[in-house]
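First up is the structure itself, then whatever we jot down about it.
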Amino acid sequence: MALDKVKGLLPDAKTDVCIVSAVVCGSATVVLLLKWVNHRRVQKKLKEAKERRELGFQRMEKAARQFKQQNPGVKPASILSLPLVELAAKLKDGSFSPESVLYTYIEKALEVTQKINCVTDFLPECEEQLREIKKKEKGLLYGIPVSIKENVACKGYPNTLGLVKFLDCPEQEDSVIVKVLKKQGAIPFVKTNTSQAILNIDCGNTVFGQTLNPFNPKKTSGGSSGGEAALVGGGGSILGIGTDVAASIRVPCGFCGICGFKPTGYRLSVKGATTPVAGMNSVISVTGPMARDVDSLVLCMKALLCEELFRLDLAVPPLPFNDEIYSSSRPLRIGYYDGDGYFQPSPSMKRAVQETSKLLQEAGHTLIPFSPPRIEFLVDELFTKGLYADGSSTLVEKFDGELVDSTWTNQMRCYRLPNFLKRILAVILMPVFPRISRHLNALVGVGSVKNFWKNNVDRMAYRDEFIAEWRKLKLDVVLCPALGPAFNLGYAGKLFVATTYTHLYNVLNFPAGVVPVTTVTQADEEELKLYKGHYGDPWDTRMKEAVEDAIGLPVAVQCVALPWQEELCLRFMKEVETVCHERRGRRRI
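Here the sequence shown stands for residues 1069 to 1657, numbered as in the numbering used here.
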């Protein structure tokens, strides 16, 4: 059987030599030969992918240069400086042409990606679409260039997830989200980088390389929607589409100083968005918008929640955007917490919540302390066991024949341990590192269908418990930390579990978004020296090291609402953005 594999991989002449060698040297030779052949195949595909990518960048550069030469009067700064809502208005009234906006952003995206490596593909079809939109009714996003995360389907391009095996699998049609964006007049123009196999809060893979933070190249952009966040944060896109299964929109947006929104699962379509573990719904994956400000997220949600979306994906409830809820000015009852008891927040994370809650109270809202119940149970039994219910086997299979990127080495080493060894290590570590011990036990998975059903029951019971506490306090929304500041390179892949503040709301399936509110100060750095963590284990040590040397980097807070209350969540995000902007204005005066 192994010989048949070799025969299919090599030309005939070489195959004969290999068969003779295998007979003489035995099956061990065949195994080594298969590995060598696979390595050569992978390297060849990577080289071809790199060449295609370079050609795409050259095409981007040529298109932008030609437009600039033919239209010397266009001033890029006047376009790039505008927020999305104003730009959309000027496109609709003819103050700016779609051509001037598209080619300006093509040029800027190319400039940004050359510095931090965030774009994976240029979509030359955008030039054809530019001509098409002029023949149709102007939608809410008429003429707006949009960047798309690499795992969200654009016809003719593969959703690789940063894996070589999918490079030769171009998508046969656009994802539903991309179709709706085009219907509303938006122009998808680039695809952006992601972490290898997505389930990681870094942004690096063997196909496209590592994406860096736009504010500091020694820091990661976060992941897995890190290419999107970095491109938008660096000014190379005004609106992006990402996906989020545990933190993948909110963490990179927080790291890159932009706003990001994770709606309730199924409020937006996920058709055409590829995940590494198809069928896993214990932790809900969603698509969502990423942009510089909350108004941009709102405009995108209004554009997406339209009849075209409801027609194309009947799994999406036909709920148009409720502007009455978003536009309300009634004071809110806001629950808040600055730590979850599982991962001690960095000093700047904690300060961001404390300062924002004070500003909201001064603005007339009511602030009520709130604590998520049974956080250890949530993390170990619901999130980790739910996400890796099969003991990680489906995810690990995705790496068969692949080179493992350095951002994934730590996670893969853990996932690939045999279950009996995970259990033994869990027992040994329990007295000294109980949190890591519980995590290893959870990575074994649920073990049986019966246990999987029980896990689902436990998740629903926890959700009911959480909502009951929320309603007991008569809360409208909740304010809590967002992971940050941006991690030093090499740490994100070792701290996937640090997403407790965000993945809680994937398990619960609540809408949640992040808003940048402050930056790291010298005082934060000094306080970080005293950081011990809650457990004093290696994870706490890594967390401290991960966020060091971050003065001036953005820090966000997270805003949460109950399921299907996207409009209320966005309204709360806008309140947060407003009070923080007003504070900065007062400081300048």
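All C-beta atoms, glycine included, are put in the ideal place defined by N, C-alpha and C.
To which residues of the same chain is residue i closer than 7 Å at the C-beta, ignoring the five residues directly before and after it?
i, result
"A1566", "F1411, L1551, M1611"
"L1576", "R1531, F1534"
"D1361", "P1151, C1327, E1645"
Tell me which same chain residues have a C-beta within less than 6 Å of the C-beta of residue i, skipping the five on either side of it?
i, result
"L1114", "none"
"A1132", "Y1171, I1174, E1175"
"A1560", "I1269, D1270, T1288"
"L1455", "V1351"
"M1641", "V1362, G1581, V1583, C1627"
"V1615", "S1414, P1553"
Taking only three categories from DSSP, how would you classify residue i?
i, result
"A1254", "coil"
"Q1111", "helix"
"Q1479", "helix"
"G1224", "coil"
"A1383", "coil"
"K1314", "What sits at residue 1314 in the sequence shown is Ala, not Lys. Three-state DSSP puts A1314 in coil, outside helix and strand."
"P1285", "coil"
"A1550", "coil"
"N1268", "coil"
"N1556", "strand"
"L1563", "coil"
"G1124", "helix"
"F1164", "coil"
"A1457", "coil"
"V1366", "helix"
"N1519", "helix"
"A1131", "helix"
"G1653", "helix"
"E1507", "Before going on, a small fix: residue 1507 reads as His here, not Glu. It is helical."
"Q1412", "coil"
"K1612", "helix"
"A1157", "helix"
"F1501", "coil"
"K1597", "coil"
Which residues does DSSP list as the beta-bridge partners of residue i?
i, result
"I1309", "I1216, P1357"
"I1402", "L1435, V1545"
"A1580", "K1330, V1628"
"N1273", "G1277"
"K1259", "D1189, I1216"
"P1486", "In the DSSP output, where bridge partners are listed per residue, P1486 has none listed."
"A1341", "V1220"
"V1623", "T1586"
"P1238", "P1226"
Could you check the C-alpha separation between residue i and residue j for me, to the nearest Å?
i, j, result
"L1636", "L1101", "59 Å"
"P1388", "E1193", "29 Å"
"L1023", "V1647", "Outside the shown range of the chain, which is 1069 to 1657, sits residue 1023, and nothing can be said about it."
"P1213", "R1199", "14 Å"
"I1557", "T1279", "In the sequence on display, residue 1557 carries Leu and not Ile. So the alpha carbons of these two residues sit roughly 10 Å apart."
"D1617", "A1554", "10 Å"
"G1459", "V1514", "7 Å"
"V1628", "V1098", "55 Å"
"C1368", "S1516", "42 Å"
"A1536", "L1152", "38 Å"
"L1373", "C1222", "20 Å"
"Q1479", "K1118", "26 Å"
"K1202", "A1177", "24 Å"
"I1317", "A1580", "10 Å"
"Q1252", "Y1210", "6 Å"
"D1242", "G1322", "28 Å"
"S1293", "N1219", "9 Å"
"A1315", "S1163", "38 Å"
"M1128", "F1190", "7 Å"
"L1249", "K1518", "42 Å"
"D1668", "C1237", "In the structure as shown, the chain starts at 1069 and stops at 1657, and residue 1668 therefore has no counterpart that could be examined."
"S1461", "I1184", "33 Å"
"I1443", "V1384", "30 Å"
Might you give, ordered along the chain, the residues of its own chain that have their beta carbon closer than 8 Å to the beta carbon of residue i, omitting 5 neighbours on each side?
i, result
"T1434", "P1399, L1400, R1401, I1402"
"I1504", "L1497, D1605, P1606, W1607"
"L1450", "S1350, N1523, D1526, R1527, Y1530, V1575"
"K1418", "D1406, G1407, P1549"
"F1501", "Y1603, D1605, P1606"
Tell me, to the nearest whole angstrom, how far the beta carbon of residue i is from that of residue j; I am working on the premise that it is less than 8 Å.
i, j, result
"G1291", "P1320", "6 Å"
"A1371", "L1123", "Contact doesn't hold; Cβ gap of about 32 Å is too wide."
"M1358", "G1308", "4 Å"
"D1406", "P1549", "6 Å"
"E1663", "P1256", "Nothing about residue 1663 can be read from this structure; the chain reaches only from 1069 to 1657."
"V1625", "V1421", "6 Å"
Is any heavy atom in the ligand ZN found nearer than 7 Å to the beta carbon of residue i?
i, result
"V1362", "Ligands are entirely absent from the displayed structure, and the ligand ZN is therefore not among its contents."
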